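*Asks:* Residue numbers (full-length UniProt numbering): 1 to 250. The beta-carbon is built from N, C-alpha and C at its ideal position, and this holds for glycine as well. Every value quoted in this text rests on a predicted model; they were computed, and no experiment measured them. Mind having a look at this structure? Questions to follow.
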């Protein structure tokens with residue numbers, strides 16, 4: 001700085017990201033769980049917080065909000081006063097118990113409700129106070145998919161960081177996979193090296209086998225067992241056995 005004769009240089013600080021999980025059924029890890037009452041551990045807060053830090057942001061965890069309008073509004077407003085971006089998970093569907101979209105619509109500005117992506121359709125985008133707001137789905141696989149696809153790039157841009165070079169590999173489908181839902185699908189897949197021994201690199205049999213490991217939006221094992229995802233176009237009816245596909249590695 002001094003060698004250039006400049007007294008001041010512009011810098012970008014880390015964007016602060018408030019994280020709020022919602023739902024009466026949630027219990028913080030480490031607390032006693034009553035599975036008979038339908039309680040589940042809150043896995044989204046910690047996994048999304050790790051993603052925020054990896055993308056160059058500063059994660060701030062807030063108490064989880066139950067399915068109560070006033071409580072949800074209070075916690076969201078507190079996060080909006082402190083942070084540049086507020087992320088919530090859960091309570092994004094348009095049902096009687098999922099009230100968060102109504103809080104944003106009535107107390108802030110709701111810009112978008114729903115995206116044509118699987119998993120992760122019930123996504124929210126809006127503003128609350130002077131902060132940006134994104135509502136992630138409650139299911140862990142859906143929440144992480146939406147975060148990686150839409151939110152992490154925005155955090156990196158705000159932090160002044162370049163997009164990472166995502167490694168890709170071409171493989172061939174081990175089985176036929178049917179799909180006709182009209183949405184862009186990010187399909188978790190595993191890879192199996194064939195070990196054909198060919199050195200040419202052009203032999204189709206050299207390509208690793210790609211097999212779906214999608215067990216549903218609520219099954220975190222879908223991501224644990226996955227090596228990456230295949231983006232399936234909305235117009236795709238099925239992927240044939242042996243069809244070449246591109247895998248975006250994690």
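Near residue 151, which residues of its chain fall below 6 angstroms by C-beta distance, leaving aside the five closest residues on each side in sequence?
*Replies:* Along the chain shown, read from residue 1 onward, the residue named residue 151 stands at position 151. Taken in chain order, the residues that qualify are 134.
*Asks:* Name the DSSP bridge partner or partners of residue 72?
*Replies:* Working through the chain shown from its first residue, we reach residue 72 at position 72. Answer by DSSP bridge pairing: none, since residue 72 is not bridged.
*Asks:* I need the DSSP call for residue 179, collapsed to helix, strand or coil.
*Replies:* Translated into positions along the chain shown, residue 179 becomes position 179. Coil.
*Asks:* Measure the alpha-carbon distance for residue 189 versus residue 210 and round it to whole angstroms.
*Replies:* Working through the chain shown from its first residue, we reach residue 189 at position 189. Working through the chain shown from its first residue, we reach residue 210 at position 210. Rounded to the nearest angstrom, the two C-alpha atoms are 6 angstroms apart.
*Asks:* Please look up how many angstroms separate the CB atoms of residue 208 and residue 193, rounded, as I've assumed it's under 8 angstroms.
*Replies:* One-based indexing of the chain shown puts residue 208 at position 208. One-based indexing of the chain shown puts residue 193 at position 193. That belief holds up - the Cβ atoms of residue 208 and residue 193 are roughly 5 angstroms apart, short of 8 angstroms.
*Asks:* Cα-Cα, which of 177, 220 and 104 is closest to residue 77?
*Replies:* Counted from its first residue, the chain shown places residue 77 at position 77. Among 177, 220 and 104, the Cα nearest to that of residue 77 is on 104.
*Asks:* State yes or no: is the C-beta of residue 191 within less than 8 angstroms of the C-beta of residue 227?
*Replies:* Stepping through the chain shown from its first residue, residue 191 is reached at position 191. Stepping through the chain shown from its first residue, residue 227 is reached at position 227. Cβ atoms of residue 191 and residue 227: closer than 8 angstroms.
*Asks:* My output table needs one value for residue 126: the three-state DSSP class, helix, strand or coil.
*Replies:* Your numbering for residue 126 matches position 126 in the chain shown. Residue 126 sits in a strand when the DSSP states are folded into three classes.
*Asks:* Within 10 angstroms of the Cβ of residue 10, are there 16 or more other Cβ atoms? Answer buried if so, exposed if not.
*Replies:* As a first step, residue 10 is located in the chain shown; it is residue number 10 there, counting from the start. So residue 10 counts as exposed.
*Asks:* Please classify residue 224: is it buried, with 16 or more other beta-carbons within 10 angstroms of its beta-carbon, or exposed?
*Replies:* As a first step, residue 224 must be located in the chain shown, where it is residue number 224. Answer is exposed; the Cβ neighbour count stays below 16.
*Asks:* Pick from 173, 101, 180 and 132: whose alpha carbon is nearest that of residue 15?
*Replies:* On the chain shown, position 15 is the one that residue 15 refers to. The option with the nearest alpha carbon to residue 15 is 132.
*Asks:* Is it buried or exposed for residue 233, if we count other Cβ within 10 angstroms and need 16 for buried?
*Replies:* Here residue 233 refers to the residue found at position 233 when the chain shown is read from its first residue. Residue 233 comes out exposed.
*Asks:* Is it buried or exposed, residue 164, if we count other Cβ atoms within 10 angstroms and call 16 or more buried?
*Replies:* Residue 164 sits at position 164 when you count from the first residue of the chain shown. So residue 164 counts as exposed.
*Asks:* Within 10 angstroms of the Cβ of residue 168, are there 16 or more other Cβ atoms? Answer buried if so, exposed if not.
*Replies:* Within the chain shown, the letter at position 168 stands for residue 168. Of the other Cβ atoms in all chains shown, fewer than 16 fall within 10 Å of the Cβ of residue 168; this residue is therefore exposed.
*Asks:* Three or more C-beta pairs under 8 angstroms: does that hold for the region 101-120 against the region 28-37?
*Replies:* no
*Asks:* Given a threshold of 16 other Cβ atoms within 10 Å of its Cβ, counted over all protein chains shown, does residue 175 qualify as buried or as exposed?
*Replies:* Sequence index remark: in the chain shown, residue 175 carries index 175 (1-based). With fewer than 16 Cβ atoms within 10 Å of its Cβ, residue 175 is classed as exposed.
*Asks:* Tell me the DSSP secondary structure of residue 144 in three-state form.
*Replies:* Looking up residue 144 in the chain shown gives position 144. Helix at residue 144.
*Asks:* Does DSSP put residue 52 in a helix, a strand or coil?
*Replies:* The residue labelled residue 52 in the question sits at position 52 within the chain shown. Residue state for residue 52 is assigned as helix, using DSSP reduced to three classes.
*Asks:* Could you tell me the boundaries of the beta strand (DSSP E) in which residue 132 lies?
*Replies:* Taking the first residue of the chain shown as position 1, residue 132 is located at position 132. Looking at the DSSP string, the run of the beta strand (DSSP E) that includes residue 132 is 131-136.
*Asks:* Let me confirm a value: residue 214 is counted as buried when at least 16 other C-beta atoms fall within 10 Å, else exposed. Which label applies?
*Replies:* Here the question's residue 214 lines up with position 214 in the chain shown. Buried, because 16 or more other Cβ atoms sit within 10 Å of the Cβ of residue 214.
*Asks:* So, are the CB atoms of residue 42 and residue 63 less than 8 angstroms apart?
*Replies:* Within the chain shown, the letter at position 42 stands for residue 42. Within the chain shown, the letter at position 63 stands for residue 63. No, these two residues do not count as a Cβ contact at 8 angstroms.
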